Ligand SMILES: [Zn+2]
């Protein structure tokens, strides 16, 4: 693969839909600007709850089939974002959705949560050696909100970065997905005002949003305003999981959340770019800032 673009971005997510919710605008922006964007999704999301009643038969305790169906939703979402390189860790169905924390599915054979971290990381190292990304995006150690597959995706991504570096393929910058608490509070205040007009009964709690942290933790913000429509369309493509009423959405719990079109990150490995503004104190505005290409 000598023909890859200069800038290469790898994102590691737990289930189909997480990429569009967390990073949809970022992915659309970098794809549109000619960077190579690679999405690795760790499971098919077989344990998800299904929103549309006419598709409820796909749930695992009924007929099943949600995994392959969500694979199709993911492909449709990637078309909306302009991302052509999307894969499942170890191939489709290699690791199974573990369900929410505490369920017996967590420990079932094949569940991602039960996988050996080094073995799963080896599957990701193969992708890293092929694509040679300078930037990796994944979750914080809590997986953003404590879901076992999100925690495991974090562990596997971070371990794979170590193993790839040992094998001579270091990744220059690693970011965790974040949302500044002040931004979340303002967005939820607007949401509560808009709630009577929305098809959702109640607002989610701020702590339902993955990765909310104090603003001082944020190193980087990607203004995805120009890609807001692409992000919403990608989220809408995950119709078994997400109901969209722009600029808001809800998961199967029907609790409304804001769609963030500016996406926020915490740089945890690598050098922060020398953003000239505010004497270098301003957040980076490019994940590749400072990376020698
Ligand atoms: Zn997820």
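In the UniProt record's numbering, the protein residues as written are 1 to 293.
From the three backbone atoms N, C-alpha and C, an ideal C-beta is built for every residue, glycine too.
What you are looking at is a predicted structure, and each value in this text was computed from that prediction instead of being measured.
Fill in: Exposure label - residue 166; buried when at least 16 CB within 10 Å
exposed
Worksheet item: Is the distance from the Cβ of residue 75 to the Cβ of residue 235 below 7 Å?
Response: no
Discussion item. Between residue 14 and ligand 1, is there a pair consisting of the residue's CB and a ligand heavy atom that are separated by less than 6 Å?
Written reply: yes
Worksheet item: Between the region 228 to 242 and the region 210 to 218, are three or more C-beta pairs nearer than 8 Å?
Response: no
Fill in: Residues bridged to residue 173 [DSSP beta-bridge criterion]
135
Discussion item. Quick check on DSSP: helix, strand or coil for residue 264?
Written reply: strand
Worksheet item: How would you write the range of the beta strand (DSSP E) that residue 204 sits in, first residue to last?
Response: Residue 204 -> no beta strand (DSSP E), and no H or E assigned at all.
Fill in: Through-space distance from residue 248 to residue 220, alpha-carbon basis
23 Å
Practice prompt. From the DSSP output, read off the bridge partner residues of residue 297.
Written response: Residue 297 is absent from the structure shown; the chain starts at 1 and stops at 293.
Worksheet item: Would you call residue 253 buried or exposed, if buried means 16 or more other Cβ atoms sit within 10 Å of its Cβ?
Response: exposed
Worksheet item: With a Cβ-Cβ cutoff of 7 Å, do residue 112 and residue 169 count as a contact?
Response: no
Worksheet entry | Exposed unless 16 or more other CB atoms sit within 10 angstroms - verdict on residue 140 | buried
Worksheet item: Is the CB-CB distance between residue 290 and residue 271 below 7 Å?
Response: yes
Worksheet item: What's the call for residue 91, buried or exposed, on a 16-neighbour Cβ count within 10 Å?
Response: exposed
Discussion item. Considering only their Cβ atoms, is the gap separating residue 98 from residue 17 smaller than 7 Å?
Written reply: no
Worksheet item: Around the Cβ of residue 52, are there at least 16 other Cβ atoms within 10 angstroms (buried) or fewer (exposed)?
Response: exposed
Discussion item. By the three-class DSSP mapping on this structure, what secondary structure does residue 55 have?
Written reply: helix
Worksheet item: For residue 123, is the beta carbon positioned less than 6 Å from some heavy atom of ligand 1?
Response: no
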